[in-house]
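Protein chains: 4
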Amino acid sequence: MPRPDMRAERIPQILDAALLVFARSGFDQTRMEDIAEQAGLSKATIYLYFSSKDELILALLKRFFDQSFEALTALQTAEGPVAVRLLEWTRQRMAEMQAQAAFLSIGFEFHALAARQETSRQLVRQSYAQYRRGIAALIQQGVEQGELQAINVEELAVAIISIYEGLTVLWMLEPGTVDVVGVAEQAVRALLVCYGRDN
Amino acid sequence: MPRPDMRAERIPQILDAALLVFARSGFDQTRMEDIAEQAGLSKATIYLYFSSKDELILALLKRFFDQSFEALTALQTAEGPVAVRLLEWTRQRMAEMQAQAAFLSIGFEFHALAARQETSRQLVRQSYAQYRRGIAALIQQGVEQGELQAINVEELAVAIISIYEGLTVLWMLEPGTVDVVGVAEQAVRALLVCYGRDN
Amino acid sequence: MPRPDMRAERIPQILDAALLVFARSGFDQTRMEDIAEQAGLSKATIYLYFSSKDELILALLKRFFDQSFEALTALQTAEGPVAVRLLEWTRQRMAEMQAQAAFLSIGFEFHALAARQETSRQLVRQSYAQYRRGIAALIQQGVEQGELQAINVEELAVAIISIYEGLTVLWMLEPGTVDVVGVAEQAVRALLVCYGRDN
Amino acid sequence: MPRPDMRAERIPQILDAALLVFARSGFDQTRMEDIAEQAGLSKATIYLYFSSKDELILALLKRFFDQSFEALTALQTAEGPVAVRLLEWTRQRMAEMQAQAAFLSIGFEFHALAARQETSRQLVRQSYAQYRRGIAALIQQGVEQGELQAINVEELAVAIISIYEGLTVLWMLEPGTVDVVGVAEQAVRALLVCYGRDN
DNA sequence: TATGAATGAGGGTTCATTCAT
DNA sequence: AATGAATGAACCCTCATTCAT
């Protein structure tokens, strides 16, 4: 087993390569050989760092979500009105999603995996739950500061994340037609103000 | 090539079987043999009706979305206030989604396919576009009848469908925690009333 | 799974081919491809009849020993003095061994397998035990008919079989030098007359 | 290339390790890695002392037989009646075989190798020939001293060694059932007295 | 119409061997 | 002298697809 410093170099190298080719061809249609080529290594070398294709996919899944939520904590400790912060966050997230368009298929494939395998589902679930709690905590700040009216905070967070997720699908299908930043902003604004209110 | 009446019987039989095993194992991990077993036929017989595995998947994709929107036309010609009809539709759709939970993975896999293949993307896009137009037309009715305020109808439709899509993901991950029917209803109500409005 | 009549044809065909190439290259150095070629089939076809290489080897092992002992029963029911019959049997066995020289390596490899795997050992042990019992029963006939003196019949059978086995090794090493038929005959004769006697 | 004194230390260390793991898993199923682990060295270090796996096996083969016959010369120069010495030798040899039970599989695998490769066969043959000559010389002593009757000395030696070899197989299969020391002793005694005699 | 039988074309994984340090 | 790291070459096994019956 390679030494730690070598692993620290090779593992991201391999995961980056895997991300690229998985995005292009899907988990199953991608051959270990493809990943190796993309990484500039030999097939056998991949197996020095990941014991199987499945383990590689799992490692990717973990990294995928770990990275996603570092920004979230920053969001909660930032200054200013909650609504402003959340809308800024919304814009950033949608922009980021567009920038990462090439990798969207991997996210959908993770959903498919999660929908059919308990192991994957648990991993993905934890990430989304953490995500949801982050958004909910932010909204709760707004409520406590009197900026937002008291409603079901958890549900509102779910609705907002749903907007993000759903828009990702629709934008992927029609990138030219759907103004994802605009719709996301408007929808989140509407939800913040009106969700759970009698109208 | 089998006679038409034979095809009318076998094709749904095979597609039903495929739906089941694809949902369980994914497109790539499912073998033609698995489909044949589930259908009570032999592998070779499948090839009398579908020229390849890919074609079978495409046929499934088509049927998958065709079925989804038959109810939509009924929605537009029904009676009563638009908001009531849309909320009822929302409830039905979420209930239907829960009832079809076992097949959700297929939907996600279609998204993954669409994200990486132009051919699949066009198919899925058309379905979603038709869907979006249906919802938009309904909202437009409400605007014309003075029931809803004039806003960007197309965008609102996109936001509403996003809620459906996103909630499907979140519910799949935590079926016990997320009250999809409730959240969907509240969110759609909020969007209908507040989307695009200054608040 | 192929029909019985097809299996009855293919299985011996495959086992015959396997015997040949295993004898030439050993179990591990033989590739499934080699067996397939020798059998005039494709690799995949082998897997229609044997689920793995190991299973194929086991099947061969079984057939190997099953065949060996059909003649043994005939030996016990034949007419004439026991000593004469046993010596005739000895000559035949050694001649047969020489005729099958090309396959000796398989026998040795079975011994190696048996020496290190419980599963294989049980199979081989049963065959040898059956063999030993056959020889012992024959000798017992001689004792009961007053032809041979009473001694430890079981042990004598073990000694005789050891001669067969050991001579096989020595002959394999020096086929030109060792007169297996002659030595086997003389040795068995000596054992029959003198084993366990005070001299 | 390591210095001689280093070689004198490492080579037995590696051969001992190889013996152990080869006995457990067979030549082909054993990986160089396994040998290295057992020897407490790294894989690459093995290659400092043996240029390939095959060479390592050959070296083991040589050592295996070299060791076996050091005692043989002692046997010929010892005092006392030949029969007594040979029977003592027989007992020792069978006891030694039982003590080395764990390594029997290697011997059988050498037989298999010898049966299919000329190179290995020559090596093994020389060892057995030397062995046979040793036993024959001993018997010849007995004949010349008038202790044993004149018969075909070479053939008798072959018969005796066959007993050793054959009993090894039978004992390996049924260590609890076969009294190898007893049978070997009785059988050798019978052969000494009666082999080649008219009875 | 249906299928038992067959197979070509891989794909994941392993391992003997090499080499820079 | 020793080894961590790397890899080319295989090999077992699988599976979409074909075809004779």
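Residue numbers (our numbering), protein chains in the order written: chain A, 1 to 199; chain B, 1 to 199; chain C, 1 to 199; chain D, 1 to 199.
Backbone N, C-alpha and C define an ideal beta-carbon position, used for all residues, glycine too.
Small disclaimer: the values here were computed from a predicted structure and weren't measured.
Query	Result
Where do the N-terminal and C-terminal ends of the alpha helix (DSSP H) with C:Ala-71 fall, by residue?	70-77
According to the Cβ coordinates, are B:Leu-123 and B:Met-172 closer than 8 Å?	no
Smallest Cα separation from D:Leu-170: which of D:Val-183, D:Val-158 and D:Ala-159?	D:Val-183
Which parts of the stretch 78-166 of chain C are runs of the alpha helix (DSSP H), unbroken and 4 residues or longer, counting only runs that do not cross its ends?	82-99, 104-116 and 118-144
Report the residues of the stretch 155-177 of chain D with a CB closer than 7 Å to any CB of chain C, ordered along the chain.	Glu-155, Val-158, Ala-159, Ile-161, Ser-162, Ile-163, Tyr-164, Glu-165, Gly-166, Leu-167, Val-169, Leu-170, Met-172, Leu-173 and Glu-174
Rounded to the nearest angstrom, what separates D:Thr-177 and C:Val-178 at their Cα positions?	30 Å
Where does A:Glu-174 sit, in a helix, a strand or coil, going by DSSP?	coil
Do C:Leu-15 and C:Leu-60 have their beta-carbon atoms positioned less than 8 Å apart in this structure?	yes
In chain A, what lies closer than 7 Å to B:Phe-108 by C-beta?	Phe-108, His-111, Ala-112 and Ala-115
Based on Cα-Cα distance, which residue from B:Tyr-195, B:Gln-76 and B:Leu-167 lies nearest to B:Ile-151?	B:Tyr-195
Quick check: is the beta carbon of C:Tyr-47 nearer than 8 Å to any beta carbon in chain D?	no
From which residue to which residue does the alpha helix (DSSP H) around B:Leu-41 run?	From DSSP, B:Leu-41 is part of no alpha helix (DSSP H); its letter is neither H nor E.
Is there a C-beta anywhere in chain B that falls below 8 Å from the one on A:Asp-28?	yes
Taking C:Ser-105 as the query, report the chain D residues whose CB atoms sit under 7 Å from its CB, ordered along the chain.	Ala-112, Ala-115 and Arg-116
Counting only beta-carbon atoms, is C:Ala-187 nearer than 8 Å to chain D?	yes
In whole angstroms, what separates the C-alpha of C:Arg-85 from that of D:Val-181?	28 Å
Would you call the stretch 48-57 of chain A and the stretch 2-12 of chain A in contact, with 3 or more CB pairs under 8 Å?	yes
Check A:Phe-65 in the structure and name its three-state DSSP category.	helix
Step through the CB atoms of chain B and report whether any lies within less than 8 Å of the CB of A:Arg-85.	no
How would you call B:Glu-70, buried or exposed, if buried means at least 16 neighbouring beta carbons within 10 angstroms?	exposed
Tell me which same chain residues have a C-beta within less than 8 Å of the C-beta of D:Gly-107, skipping the five on either side of it?	Phe-64 and Thr-168
Kindly indicate if chain C contains any beta-carbon less than 8 Å away from that of D:Ile-15.	Looking at the sequence provided, one finds Leu at residue 15 of chain D rather than Ile. Closer than 8 Å: no.
Tell me which residue opens and which closes the alpha helix (DSSP H) that B:Phe-27 is part of.	First-last for B:Phe-27: undefined, no H or E at that position.
Run through chain C and tell me which residues come within less than 7 Å of D:Leu-191, C-beta to C-beta.	Ala-187 and Ala-190
Tell me, please, whether the CB atom of C:Gly-196 is closer than 8 Å to any CB atom in chain D?	yes
From B:Gly-40 to A:His-111, what does the alpha carbon distance come to, in whole angstroms?	30 Å
Could you give the residue range of the alpha helix (DSSP H) that holds D:Arg-189?	180-194
Output yes if chain C places a C-beta closer than 8 Å to the C-beta of D:Arg-121; else output no.	yes
D:Val-124 CB to nearest chain C CB: under 8 Å?	yes
Can you find a C-beta in chain B that's less than 8 Å from the C-beta of A:Arg-91?	no
In this structure, how does DSSP classify C:Arg-10 when only helix, strand and coil are distinguished?	helix
Does the beta carbon of A:Val-181 sit closer than 8 Å to a beta carbon anywhere in chain B?	no
Taking the CB atoms as reference points, tell me whether D:Glu-147 and D:Ala-83 lie closer together than 8 Å.	yes
Would you please verify whether the beta carbon of B:Arg-24 is less than 8 Å from any beta carbon of chain A?	yes
For D:Gln-145, is the classification buried or exposed, using 16 other Cβ atoms within 10 angstroms of its Cβ as the cut-off for buried?	exposed
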